[in-house]
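Q: Count along the sequence shown starting at 1, add 223, and that's the number in our numbering. Glycine residues also receive a C-beta, built at the ideal position from the N, C-alpha and C atoms. Mind looking over this structure? Questions follow.
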Amino acid sequence: MKLFFSPASPFVRKVMVCAIERGIDGQIDKLGSAAHPINQDAAIKAHNPTGKVPTLVADDGMAIYDSRVICEFLDSVGSAPALFPAAGAERWKALVLHSAADEMLDAALLARYETVARPEALRWADWHQGQITKIHTTVKAYSDEWIGHLEGRLDIGTVAAAVSLGYLDFRFPDIGWRNGHARLSAWYERFVERPSMKATMPAG
């Protein structure tokens, strides 16, 4: 398998955490890429029309994207315990938490693009603040609604939530997401000690 890779992308990190937890990271060749919202990488677009990372090319040549689909594909490879619960309430909880984490990451990336990619004269402060508000409300939901699911569990939802909080530490340290969320912070500090999380710390 080949993965178009960026060491700064939280979505790539989520995929690699899943691969490590499944014990199949050694089967993935990481391809350096230059994904950008404007200047898109032609090598990625040859496999994914959006030009985004992560994009996985399976051993049979099939291109698989986006990160949610890649993670579920990786969950079908190997024999480690599944990260996607098979059925019932636990499956839906994990999938909804996964979605919440991805939506928070979408807001974070849009906020970052607004300040680093958009020309200053075209920036919209209220729109940027709207994305930051989504981050705060999602962190509050993790703390108030999801903490019981997060604690003592490893599934795609907990992986995605941890990766999303790690991205805040990486790109938005001034947000101070730990403030007022002691139990969530304690869970994260335990989860981030997993080898899969340590091996995928973002850079760049």
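Between the stretch 277-296 and the stretch 338-347, are three or more C-beta pairs nearer than 8 angstroms?
A: The stretch 277-296 vs the stretch 338-347: no contact.
Q: Quick one, are the C-beta atoms of isoleucine 379 and leucine 318 less than 9 angstroms apart?
A: Result yes, Cβ atoms of isoleucine 379 and leucine 318 sit closer than 9 angstroms.
Q: What is the DSSP secondary structure of lysine 275, counted as helix, strand or coil?
A: The answer is coil: DSSP assigns lysine 275 none of H, G, I, E or B.
Q: Is it true that the stretch 358-365 meets the stretch 293-304, where meeting means three or more beta-carbon pairs spaced less than 8 angstroms apart?
A: Not touching, per the Cβ criterion.
Q: Whole angstroms are fine: how far does the CA of alanine 310 sit from the CA of proline 425?
A: So the two alpha carbons sit approximately 32 angstroms from each other.
Q: Do the stretch 321-331 and the stretch 264-273 meet, that is, are 3 or more Cβ pairs less than 8 angstroms apart?
A: With the cut-off at 8 angstroms, the stretch 321-331 and the stretch 264-273 do not touch.
Q: Can you tell me the Cα-Cα spacing of leucine 388 and valine 280, whole angstroms?
A: The straight-line gap from Cα to Cα measures roughly 28 angstroms.
Q: Helix, strand or coil: how does DSSP classify isoleucine 251 here?
A: Reduced to three states, the DSSP call for isoleucine 251 is coil.
Q: Are the beta-carbon atoms belonging to glycine 353 and alanine 231 less than 9 angstroms from one another?
A: Contact flag unset, no.
Q: Please tell me whether proline 233 and valine 386 are closer than 9 angstroms, where the distance is taken between their beta carbons.
A: The answer is yes: Cβ separation under 9 angstroms.
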